[in-house]
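The structure appears below as structure tokens.
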Amino acid sequence: MATSHSSATSTTPSRNGNGRVTSPDTTPCTSQAPVATPPKRHPHRIYQPAKNSLYDIFQQHAGTALFVRPICWTDLHAQLLGVRWEELPPCDTPQPTISPATPPSQGHLSPSNTIITLSNALTQILLPDPMHPIFTSIAVKTALMRLWPKAFSEPHYLPEFHLYFGGLVYRDAVPAQIMWNFPSDEMKASYASFRSVSTWPAESSNISTQFPPNQSHANLPMTCYIGKTQLASVRNTSFRLAYGPGRSWNEPVFRLQQLRARMLVPSNLDHDAHFVGIFLGMAQKHFYPSLIINGRHDSRISPEQGIPPCPNFHDLKLRILTHDTDTLEFIVYTGYVTKEFLEKFHDPFKAPLDDDDAAVSGLKIEYTRVPIWPILGLRERLGKALGQEVVGAFNPGD
């Protein structure tokens, strides 16, 4: 450590008995302690985020809680990320024509075990009182497997997607209820030889069993299901409730947490920002390697400091399935996740040029409603909404 002194002369320093370096010319004659010169500190490099990057958005909205888990995302998050919601016409055909003069068919009088199982599963899904999420998940799995046994044969229950942001990964940040992956090449080959049950008479259906080639996505996220009632339940219980004095019920804090939960409810229940987080988590899983689990909920993507090289992102088309108990409908969301949207989260300092209002890096989400009843024709209605990438090729005219 350097010291300052009043003498202008100096000699070669020597060590005293205590091992300290001293010099008679530099030893102060008074009791005043030498002034220590602090070590030089290299100034921290200040990164200026690019215009319209995520860090630039954070700076523009300083004081607003934006860096939170997707279950706490609001309409503002969707707006700032450039999410464009588009409701498509409902997939409500084919449906049987009801005529008083037409006698009931044999299928109505003596339904098969498959139809009975499907009807029971759909009834359980539409119960007004929310069940435990695993029971709803099993009912959804049962219904979809009855309609397309191969496409939905390997569900993953209660998935929790990681989120990658900059050089960090946040584990289990985005929950869902069920996830299905794109099928492997072997499973796709079996589609041509497998005939699933139809809820519409065979002679009026023109459905191909060929699965579109999609080799690069095999065994990676394809479709997720999450119920709206489950989303509401998670939001209502996401804030910790502290006890009052003597572990008594804390009514003021309880009301405050209820108010915070209500603030998370989207203004349009069909435009839930949590769906944006699910699409992001599903898409990122296509490009980032599996994690080595440790005790932390956040860790670095790689041992090196800073932001690692960008993966070879490309556009993805993914789906989320939910249902509306009031209208007795399935709702199918299709997310068009672009490489620019993924790059924005990989390096939050950067943004594409001319990206005002996220015109380049935004996320387009289409959704359509599918009447659940009657069962007759449900496979065809829901199949058109899910698309050929999921269930096989459909003739749009049917």
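Numbering of the sequence shown is given in the UniProt record's numbering, commencing with residue 1 and proceeding in unit increments. For glycine and all other residues, C-beta sits at the position ideal for the given N, C-alpha and C.
Does residue 73 pass the burial test, meaning 16 or more other C-beta atoms within 10 Å, or should it be called exposed?
Its Cβ being crowded by 16 or more others within 10 Å, residue 73 is buried.
Which ranges does the alpha helix (DSSP H) cover as unbroken runs of at least 4 residues, wholly within the region 69-154, from first to last along the chain?
Those alpha helix (DSSP H) runs which fall completely within the region 69-154 and span 4+ residues are 75-80, 106-109, 113-125, 133-147.
Taking residue 160 and residue 174 to be in contact with their CB atoms under 8 Å, please state how far apart those CB atoms are, rounded to whole angstroms.
About 7 Å; that satisfies the 8 Å criterion.
Across the region 334-346 and the region 310-322, are there enough close Cβ pairs to call them in contact, namely three or more that are closer than 8 Å?
Because the criterion of three Cβ pairs below 8 Å is met, the region 334-346 and the region 310-322 touch.
With burial defined as no fewer than 16 other Cβ atoms inside 10 Å of the residue's Cβ, what is the status of residue 289: buried or exposed?
Residue 289 is exposed by the Cβ-count criterion.
Over what stretch of residues does the alpha helix (DSSP H) that includes residue 254 continue unbroken?
Here the alpha helix (DSSP H) through residue 254 covers 251-263.
Could you name the residues that DSSP lists as bridge partners for residue 290?
Bridge partners of residue 290: none, in fact.
Going by Cα to Cα distance, which pick from 342, 120, 279, 182 is closest to residue 53?
Nearest option by C-alpha distance: 342.
Apart from the five residues just before and just after residue 146, which ones in its own chain have a Cβ nearer than 8 Å to its Cβ?
Cβ within range, chain order: 114, 117, 118, 121, 197.
What does the Cβ neighbour count give for residue 329, buried or exposed, with the cut at 16 atoms within 10 Å?
The residue is buried, with at least 16 neighbouring Cβ atoms inside 10 Å.
According to DSSP, what are the bridge partners of residue 370?
Residue 370 pairs with 330.
So what does DSSP say about residue 55, is it helix, strand or coil?
Note: residue 55 maps to helix in three-state DSSP.
On the three-state DSSP scale, how would you describe residue 156?
In the structure shown, residue 156 sits in a strand (DSSP, three-state: E or B).
Quick check on the DSSP output: what are the complete alpha helix (DSSP H) runs of length 4 or more inside the region 163-187, in order along the chain?
Listed in chain order, there is nothing to give.
Note the first and the last residue of the continuous alpha helix (DSSP H) segment covering residue 229.
Unbroken alpha helix (DSSP H) run through residue 229: 228-236.
Less than 8 Å separating the beta-carbons of residue 291 and residue 369?
In this structure, residue 369 does not lie closer than 8 Å to residue 291 by Cβ.
Just the Cα atoms here: how many angstroms apart are residue 205 and residue 381?
Here the model assigns residue 205 a pLDDT of 34, short of 50, so the residue's position is not dependable, and the following value carries that caveat. If I take the Cα positions, the gap works out to 11 Å.
Count the other C-beta atoms from every protein chain shown that fall within 10 angstroms of the C-beta of residue 267, then say buried if there are 16 or more, exposed otherwise.
By the 10 Å Cβ count, residue 267 comes out exposed.
Return the residue from the list 76, 223, 176, 307 that minimises the CA-CA distance to residue 388.
When each option's Cα is compared against that of residue 388, the closest is 223.
For residue 385, I'd like the list of residues in its chain whose CB is within less than 6 Å of its CB, leaving aside the five on either flank, ordered along the chain.
Correct list, in chain order: 91, 332, 368, 370.
What is the residue span of the beta strand (DSSP E) that residue 317 lies within?
Unbroken beta strand (DSSP E) run through residue 317: 316-324.
If you drop the 5 nearest sequence neighbours on each side, which residues of the same chain put their C-beta closer than 6 Å to that of residue 364?
Excluding residues within five positions, the ones whose Cβ falls inside 6 Å are 84, 336.
Since residue 345 is in the alpha helix (DSSP H), which residue starts that stretch and which ends it?
That run of the alpha helix (DSSP H) goes 339-346.
Please confirm whether residue 156 and residue 179 have their CB atoms less than 8 Å apart.
Cβ atoms of residue 156 and residue 179: closer than 8 Å.
For residue 94 and residue 378, what's the separation of their Cα atoms in angstroms?
About 8 Å.
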